[in-house]
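Each residue of the sequence shown is one higher than the one before, counting from 171 in the numbering used here. Even for Gly, the Cβ is constructed at its ideal location relative to N, Cα and C.
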Amino acid sequence: MNASLHFAPLLDWSHLAVLALAFLAVAAFAVLRRARGAWWRLALFAVLTAALAGPRLTVAERQSLPDIALVLMDDSPSNRIDGRAERAEAALAGVRERLARLPNLEVRVERVAGTDQGTRLFEAADRALAEIGRRRLAGIVAITDGRIHDASPPPRLDAPLHVLLTGTATERDRRLTIVRQPGFALVGKSAPITLRIDDPGQTAPVRLTVAIDGTPLIDSAQPVNRDLHLDIPIRHGGTNLVELAAEAAAGELSDANNRQLVSVSGVRDRLKVLLVSGEPHAGERAWRNLLKADPSVDLVHFTILRPPEKDDLTPIRELSLITFPVRELFEEKLPDFDLVVFDRYRGRGILTGGYYQALADYVRKGGALLVSVGPEFAEPGALSESSLGAVLPAAPTGQVIEKSFRPRLAEIGRRHPVSGPLAAAEAGWGPWVRQIAVGPSAGQTVLTGTDGRPLLVLNRVGEGRVGLLLSDTAWLWARGHEGGGPHDELLRRLAHWLMQEPELEEEALAAEIRAGRLEVTRRTLADQAGPITVTRPDGSSADHPLVPGTDGAFHASLPADQPGLWRISAGAFHTVAAHGGASPLEMGELTATAAILAPIAAASRGSTTQLAKDGIPDIRRVAGGGATAGNGWIGVVARDEFVVTGARDVPFFTPILLLFLSLGAILAAWWREGR
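Right, dumping it as structure tokens:
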């Protein structure tokens, strides 16, 4: 209980002051005249003045609150290796048992899991203190390996911090870290990567392996404890996954931080496209606009209207002054082009058999060829009759179908990466109005037209790829005719497939970690896809089924509950995905250390103890100003906090007391005067 005095005057304070001065003047006059009973009159005046001031007592009722000891338990992955988890759990049980012996003390345990940002020990402490209040905090006991990632700037603690380290003094750990890496590099060039293999106290070279997209690149011994510079060739556009691994050391804590995954985006340096157009038609502008709209494309466009030997009396001023550079384009610079497009081109004697053969060889050696045809493909002199016909996936029958039809996805087209993602809007596609009939085709027919005839045929020839579009009215989609269709998207995906972009491979396995889940995509032209095998960062593996998606691919989604490198395989296909990096911050350095927490513990008048060496210390209750740690013991501070549960307001002068004091003073004054 606790009491406080306050006043509730019966008169205004100014009136009360005047009355008190009057009483004081009368009493002073009596004292100066040495009148008998003057002091008792003064006492009576004082009692009356005090009573008029209305003194009252507020009596508060308090309830004592228990102090709180906060125990922070490090449950991060780095504190679960080399027997640390067992040592930590034993320490937690011992700390709880010792704290339970102390009276008026409550124990709160906060478990701290590792995240992509490492072990956030003090963030967990702040969350707990926000609930319990800092004034009740008697002390903090942290059971950890000391690898904390939110200790800078040092936190402000209002109680001693006692650190119980779970590691040992003889630990060894080798680790591989990436010092510098580029985010992107040009295709065909090299990406410089700087790495470091740290192995404290060692000098012998260590075996380093490097692989790109699963293909081995480097396997050699490298020096330790110094920066290493590697040039990684970027072979394709899109994501290039570079895996680096240092050989595990004998007796080291874990090899989880011996691996790193670097993702380098391959960027093509200005795609070079050769567009050769024949007879002018409405779709020619659509091709040109599509290719010119892409700032990464260098377009070389020629339209051939007449053979050079034709003599039709056309005025010289109306003829092109530029001779078509056949030899330069189709012999000298042909390998420099990433894609060659023929749009309604017919043989006019400009390209001889040798140049057609050069084009066919260009394709077989890895080039990309797209042929968009119209009625000229069904007439004599068509490209199919040249040496180039050997690489085209189909030959014309001579029939030109002139009627409206709506393109449809072939069964294999629903799974092909060029056309599969377009399936969702297929019902709204507008019509085309002409199609060239062909005989039996090679490769894959992804779009069909009238009566299920091939409309878009794709094929692989040697190391290159060929696309054959059997209509010259695709531009109707670009114009929005009767709803239009995915003109630009279809041709863009077609061009990138021809140029062998990895994201558009028919048989592929890809994975990424998004919003805490592992998202796996398996693309195949087969009707079904078998299960995938997922290997978690801790080495455990399991099979998971794939389900078909609306984009023609098969998918799997599962929780990514461990930081590190996830490996996924499906038959001959393999890929990886990194959760917080192949060697995340939490697993970057694994040896236990007191260097991070010891200064903070010392500043809070706490201590640092190594469990493997010193065991679990005893715990004592100490006063606020005394020592909080000693040899074999740690202390928690007595706070003696309370909460007010109620209050009573009572007058200081009860009627009986006021009557007794007043009558007493009057009688004493009367008695003194009567003597």
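With respect to the 9 Å criterion, ARG304 and ASP343 are not classified as neighbours on the basis of their beta carbons. Note that the C-beta distance between LEU688 and LEU728 is below 9 Å. In this structure, the straight-line span from the alpha carbon of ALA463 to that of HIS657 is close to 14 Å. As a beta-bridge residue in DSSP terms, MET243 pairs with ARG281 and ILE313. Here DSSP, grouped into helix, strand and coil, assigns ILE402 to strand. Annotation: the continuous alpha helix (DSSP H) that includes ALA258 extends over 254-270. For ALA764, the CB contacts under 8 Å within the same chain, skipping 5 residues up- and downstream, are GLY316, VAL333, LEU335, THR778 and GLN780 in chain order. The beta-carbon separation of MET757 and LEU509, rounded to 44 Å, does not stay under the 8 Å limit for a contact. VAL229 and GLY309 have their C-alpha atoms spaced approximately 32 Å apart. Judged by DSSP secondary structure, ILE789 falls within the beta strand (DSSP E) whose first and last residues are 788-792.
Less than 9 Å divides the Cβ of LEU562 from the Cβ of VAL636.
When secondary structure is reduced to three states using DSSP, GLN527 falls in the helix class. For GLY613, the CB contacts under 8 Å within the same chain, skipping 5 residues up- and downstream, are PRO563, VAL627, LEU628, ASN629, ARG630 and VAL636 in chain order. With at least 16 other beta carbons inside 10 angstroms of its own, GLU759 counts as buried.
Per DSSP, ILE520 lies in no beta strand (DSSP E) segment and is marked neither H nor E.
Relative to SER435, the option among ARG455, SER447 and VAL412 whose CA is nearest is VAL412.
Shown here for ALA793: same chain residues with a beta carbon closer than 7 Å to its own, the five before and five after excluded, namely ALA808 in chain order. With distances taken between CA atoms, GLU581 lies nearest to GLY722 out of GLY722, SER774 and VAL279. The bridge partners DSSP lists for HIS744 are SER739. If you check the CB distance, SER554 and PHE512 do not come in under 9 Å.
In chain order, ARG226 place their CB closer than 7 Å to the CB of PRO821, counting only its own chain and leaving out the 5 sequence neighbours on each side. When Cβ pairs closer than 8 Å are counted between the two stretches, the segment 735-749 is seen to touch the segment 696-708, the count reaching three or more.
For LYS442, the secondary structure class from DSSP, reduced to helix, strand or coil, is strand. For TRP803, no alpha helix (DSSP H) segment is defined; the enclosing uninterrupted segment is the beta strand (DSSP E) at 803-807. Taking the C-beta atoms as reference points, GLY358 is found nearer than 9 Å to ASP439. Nearest neighbour of ALA772 by Cα position, chosen from LEU346, MET243, ARG250 and PRO330, turns out to be PRO330. Between GLY619 and PHE575, the gap from beta carbon to beta carbon is short of 9 Å. Judged by DSSP secondary structure, GLY453 falls within the alpha helix (DSSP H) whose first and last residues are 452-463. Under DSSP, HIS714 forms a beta bridge with ILE702.
When the alpha-carbon of ASP784 is set against those of TRP803, GLY796 and LEU414, the nearest one is in TRP803.
Exclusion of the five residues before and after PRO733 leaves HIS749, GLY750, PRO754 and GLU756 as the residues of its chain whose Cβ lies within less than 6 Å of its Cβ. Contact annotation: ARG429 and ALA415 have beta-carbon atoms nearer than 9 Å.
Under the three-state reduction of DSSP, ASP784 is assigned to helix. For secondary structure counted as the beta strand (DSSP E) over 3 or more consecutive residues, the segment 669-695 holds these complete runs in sequence order: 678-684 and 687-693. For ARG297, the enclosing alpha helix (DSSP H) has its first and last residue at 291-302.
Listed as beta-bridge partners of LEU378 by DSSP are SER390 and ALA416.
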